[in-house]
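In my numbering, the protein residues as written are 23 to 343.
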Amino acid sequence: MKDMETIRQAAEIVKRGGIVAFPTETVYGLGADVFNPLAVARVFEVKQRPYFDPLIVHIASYNDLEKLVMEIPSDAKGLMGRFWPGPLTVVLLKRTEVPDLVTAGLPTVAVRMPKHPMTLRLIELVDSPIVGPSANPFGYLSPTTAEHVQDQLGGQIDFILDGGPCEVGVESTILSFSERKPRLLRPGGVPIEEIQSIIGEVEMIPTGGGRPSAPGMLPKHYAPRTPIKLDWSKKNLDSYRKKKIGLLAFQESKNFLKFRQVEVLSKKGDFREAAANLFSAIRRLDALNLDLILAETVPEVGLGRAIMDRLRRASSKGKTN
Ligand code: TXA
Ligand code: MG
Numbered sequence: 023m024k025d026m027e028t029i030r031q032a033a034e035i036v037k038r039g040g041i042v043a044f045p046t047e048t049v050y051g052l053g054a055d056v057f058n059p060l061a062v063a064r065v066f067e068v069k070q071r072p073y074f075d076p077l078i079v080h081i082a083s084y085n086d087l088e089k090l091v092m093e094i095p096s097d098a099k100g101l102m103g104r105f106w107p108g109p110l111t112v113v114l115l116k117r118t119e120v121p122d123l124v125t126a127g128l129p130t131v132a133v134r135m136p137k138h139p140m141t142l143r144l145i146e147l148v149d150s151p152i153v154g155p156s157a158n159p160f161g162y163l164s165p166t167t168a169e170h171v172q173d174q175l176g177g178q179i180d181f182i183l184d185g186g187p188c189e190v191g192v193e194s195t196i197l198s199f200s201e202r203k204p205r206l207l208r209p210g211g212v213p214i215e216e217i218q219s220i221i222g223e224v225e226m227i228p229t230g231g232g233r234p235s236a237p238g239m240l241p242k243h244y245a246p247r248t249p250i251k252l253d254w255s256k257k258n259l260d261s262y263r264k265k266k267i268g269l270l271a272f273q274e275s276k277n278f279l280k281f282r283q284v285e286v287l288s289k290k291g292d293f294r295e296a297a298a299n300l301f302s303a304i305r306r307l308d309a310l311n312l313d314l315i316l317a318e319t320v321p322e323v324g325l326g327r328a329i330m331d332r333l334r335r336a337s338s339k340g341k342t343n
């Protein structure tokens, strides 16, 4: 099979210390062998990611998990059984063998088993877990197609494994088990309601306040070049009359005439479809040299929570780092 040959080629590159973009169900990742600090350092460099921001490690089996973590609390085990492979990342106490560079010196490591057959095979062939931050320059929108990766990092990485567009479209939900109570560090592809229905109460970090314990929680993140505005009202559209504005609509709406361009995330108002389209739609608007993108808000339930989290960060006026 043609795919098999390509995956084998990607695996060889990772084994030799190269860096390879890989598909997952959430967004594309930038992979390197977790136990090769030089390769991991190149991932930070290419992304221009600060070294204080730890990476998620991707595994293909529970055998891989044993190479990374000390013990697995029973709640975490239950969630893995239910959601892996899938968009859930768990933060657990790490083994000393996991390089400090990967975890930014933290005593914990973030791990997930992605749901994409090509990447699961890639990890098996490399025969080692691989790190995988989203394959975008730090602070910018995450890539959901191989073309997005090519556009932004193409010249700087060794290979792009094209697995088609990402099905989920927003990053994994990150849950930490490093303290007494499980803690939500980032809303994502698995709705927190589904997690709570299995393990009960989960601590939530209020968005926007304090120093982030997951740097992906930095207020400004996932940002396009064009400013995005969330707090606006249809009544005041005339005040933008002189500007080239685009609309990021959740569902079909009626005020389309006033906009240069409109992207509808899901005509039927379906969260899954909206999440899968989110980053691509923002990218298309961002490519038009608009003065401003006005975004509609969505209800913060289920996947709506992850969508709003990304929109809020994309629209934050804070400094990008
Ligand atoms: O869906 C995803 O999770 C994607 C795909 C490629 O798997 N990956 C991803 O990685 O979103 P990245 O690097 O863009 O975001 C990882 C987040 C960062 O916010 C980082 O701070 C947090 O995970 N993180 C990693 N290790 C951590 C740890 N030990 N403790 C707390 N947060 C951690
Ligand atoms: Mg990212």
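Ideal placement from N, C-alpha and C gives every residue a C-beta, glycine not left out.
What would DSSP say about GLY177, mapped onto helix, strand or coil? Residue 177 sits at position 155 when you count from the first residue of the sequence shown. Here GLY177 sits in helix by DSSP.
Check: Using the rule of at least 16 other Cβ atoms within 10 Å of the residue's Cβ for burial, across every protein chain shown, is VAL323 buried or exposed?
Finding: Position 301 of the sequence shown, counted from the start, is the residue given in the question as residue 323. The residue is exposed, with fewer than 16 neighbouring Cβ atoms inside 10 Å.
Could you check the C-alpha separation between LEU307 and ARG30 for me, to the nearest Å? Position 285 of the sequence shown, counted from the start, is the residue given in the question as residue 307. Position 8 of the sequence shown, counted from the start, is the residue given in the question as residue 30. Roughly 36 Å between the two C-alpha positions.
- Who are SER156's beta bridge partners in DSSP? Within the sequence shown, numbered from 1, the residue matching residue 156 stands at position 134. DSSP, once it has assigned bridges, lists GLY51 as partnering SER156.
Q. If you draw a straight line from the alpha carbon of MET135 to that of THR195, how long is it in whole angstroms?
A. Numbered from its first residue, the sequence shown carries residue 135 at position 113. Numbered from its first residue, the sequence shown carries residue 195 at position 173. Roughly 12 Å between the two C-alpha positions.
Subject >> Cβ-Cβ separation, PHE181 to GLY40 (assumed contact under 8 Å), whole Å >> reply: Position 18 of the sequence shown, counted from the first residue, corresponds to residue 40. Position 159 of the sequence shown, counted from the first residue, corresponds to residue 181. Indeed they touch by this definition, with Cβ atoms about 7 Å apart.
* Quick one: residues in its chain with C-beta nearer than 6 Å to the C-beta of LYS280, no 5 flanking neighbours on either side, listed in chain order? => As a working note, residue 280 is residue 258 in the sequence shown. Closer than 6 Å at the Cβ level, and outside the excluded window around LYS280, lie LEU259.
**Prompt:** How long is the line joining the alpha carbons of THR248 and GLY53, rounded to whole angstroms?
**Reply:** Along the sequence shown, read from residue 1 onward, the residue named residue 248 stands at position 226. Along the sequence shown, read from residue 1 onward, the residue named residue 53 stands at position 31. Cα-Cα distance, rounded: 29 Å.
Shorter than 7 Å, the distance from the beta carbon of SER395 to the closest heavy atom of the ligand MG, or not? Residue 395 cannot be examined here, being either before or after the span of the chain that is shown, 23 to 343.
Supposed contact pair VAL112 and VAL133 - C-beta distance, whole angstroms, cut 8 Å: Mapped onto the sequence shown, residue 133 falls at position 111. Mapped onto the sequence shown, residue 112 falls at position 90. Indeed they touch by this definition, with Cβ atoms about 6 Å apart.
Inset, instruction - Return the chain-ordered ranges of every alpha helix (DSSP H) run that is complete within the stretch 94-163 and spans a minimum of 4 residues. - result: Whole alpha helix (DSSP H) segments, 4+ residues: 96-105, 122-125 and 139-148.
Worksheet item: Is any heavy atom of the ligand MG found at a distance shorter than 7 Å from the C-beta of PRO95?
Response: Position 73 of the sequence shown, counting from 1, holds the residue named residue 95. For PRO95, the shortest separation between its Cβ and any heavy atom of the ligand MG does not lie below 7 Å.
Checklist entry - In whole angstroms, what separates the C-alpha of LEU101 from that of PHE199? => result In the sequence shown, residue 101 corresponds to position 79, counting from 1. In the sequence shown, residue 199 corresponds to position 177, counting from 1. Distance from the CA atom of LEU101 to the CA atom of PHE199, rounded to whole angstroms, is 12 Å.
Notebook entry, point to check: On the three-state DSSP scale, how would you describe GLU189?
Noted result: Taking the sequence shown and counting its residues from 1, the one referred to as residue 189 is at position 167. Three-state DSSP puts GLU189 in coil, outside helix and strand.
#### Entry: Sub-8 Å separation of LEU110 and THR130 beta-carbons
Locating residue 110 in the sequence shown gives position 88, where the first residue counts as 1. Locating residue 130 in the sequence shown gives position 108, where the first residue counts as 1. Against a cut-off of 8 Å, the Cβ pair of THR130 and LEU110 comes out as no contact.
TODO: Taking only the alpha-carbon atoms, compute the straight-line gap between PRO76 and LYS257 and give it to the nearest angstrom.
DONE: Locating residue 76 in the sequence shown gives position 54, counting from the first residue. Locating residue 257 in the sequence shown gives position 235, counting from the first residue. Distance between the alpha carbons of PRO76 and LYS257 is about 43 Å.
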